[in-house]
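Sequence order for the protein chains is A and R.
The numbering of the first sequence is the working numbering, which starts it at 1 and goes up by one.
The numbering of the second sequence is the working numbering, which starts it at 203 and goes up by one.
All C-beta atoms, glycine included, are put in the ideal place defined by N, C-alpha and C.
Given the structure is predicted, the values throughout are model-derived calculations rather than measurements.
First comes the structure, then the notes that go with it.
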Amino acid sequence: MSRRLRTLSEELVRQAGRIMPAERRAWAEAMAAEIDHIDSDPAALGYALGALWTSAFQGLRSMNGLMSLARYGVVAATSLAAAAGAVLWLRAMPGYAAAGLTPPAILICGLLIAYLAAAAWALGRGGPERLIQAVWAALALNTLNAAGLSLASVLQPGAAHHAYFQALVIETYAALIALLAAGMALQSAPRWAWLRGWVIYR
Amino acid sequence: LRAFAARPEDWRYGYDLSRETALRSGTLYPLLMRLADQGLLEAEWRPAAEPGRPPRHAYRLTGLGVRAAREAERSTREPALRPAGARA
């Protein structure tokens, strides 16, 4: 048990070092080195938890305000788009024929809403990397969707609203590619930090 | 600051300070970082007293830090010394 506590403490301070901002890395090393000088294993664990908290807090403090605004702006816009889509989708459900929607179109709209909601969740929870992963998965699903629609148009050439479904698939691609671009821009934002400094200090 | 000011010449270590001040590491280290950012604290790696252990990050007040600690000590002590009803 004692050995496990010690291993856990060492792992926690290692993780603390990973999440500490680069300019504070020496402090993470200082906290990690100190663990070896604590004889009591429970005390070492408490110390390691504090180190992890310190690193997480420093990471949050160092987060670029503009970057956070952009990140949560994308989350808000994506959530709003998903919510608006959901409202339209629910309104179309009971009398879809009157709204000009057919079951496949409702399915595509539903998928789009689900993609957008998943993307907003992924970005809010895990940052740009998760958003990019979610969008790649959604793009793969949409491609399958498009392939299915193309196959259906070959098997049933006279199917109703075929052009409409294709347009929905293309719109879904456009929305997902916009999200992918937003995710990539947010991911690469730290590389452009020098530009912010240049604009501010000129 | 008071913990440092008690022995301003001595190098102090994080865990020892944590025990002395009863501050958890999650509270202590952000304070140390802030003091260092303000130029009140200097830090350096020092070899461990016991062989076979890694070097430790040690801290002590700078000249500015010593003055700030004395000032802080004075400002916390003065209201208590002042007679009741007296004005500053």
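The beta carbon of R:L237 is closer than 6 angstroms to those of L243 in its chain, skipping five residues each way along the sequence. According to the DSSP assignment, R:R255 belongs to no beta strand (DSSP E), since it is labelled neither H nor E.
The Cβ of A:T7 sits no closer than 9 angstroms to any Cβ of chain R.
Between A:H37 and the set R:E246, R:A245, R:P253, the nearest pair of CA atoms involves R:P253. For R:L233, the CB contacts under 8 angstroms within the same chain, skipping 5 residues up- and downstream, are L225 in chain order.
Among the bridge pairs identified by DSSP, R:Y261 is matched with R:R214, R:A245.
Spanning the alpha carbons of A:G127 and A:Y115 requires a straight line of approximately 16 angstroms. Proximity of the stretch 38-48 of chain A to the stretch 208-215 of chain R falls short of the contact definition, fewer than three beta-carbon pairs being nearer than 8 angstroms. Distance from the CA atom of A:Q187 to the CA atom of A:I113, rounded to whole angstroms, is 24 angstroms. Residue-level contact by beta carbon fails for A:Q15 and chain R, as no gap is shorter than 9 angstroms. Among the CB atoms of chain R, none fall inside 9 angstroms of the CB of A:G59.
Here A:E23 is exposed, its C-beta having fewer than 16 other C-beta atoms within 10 Å.
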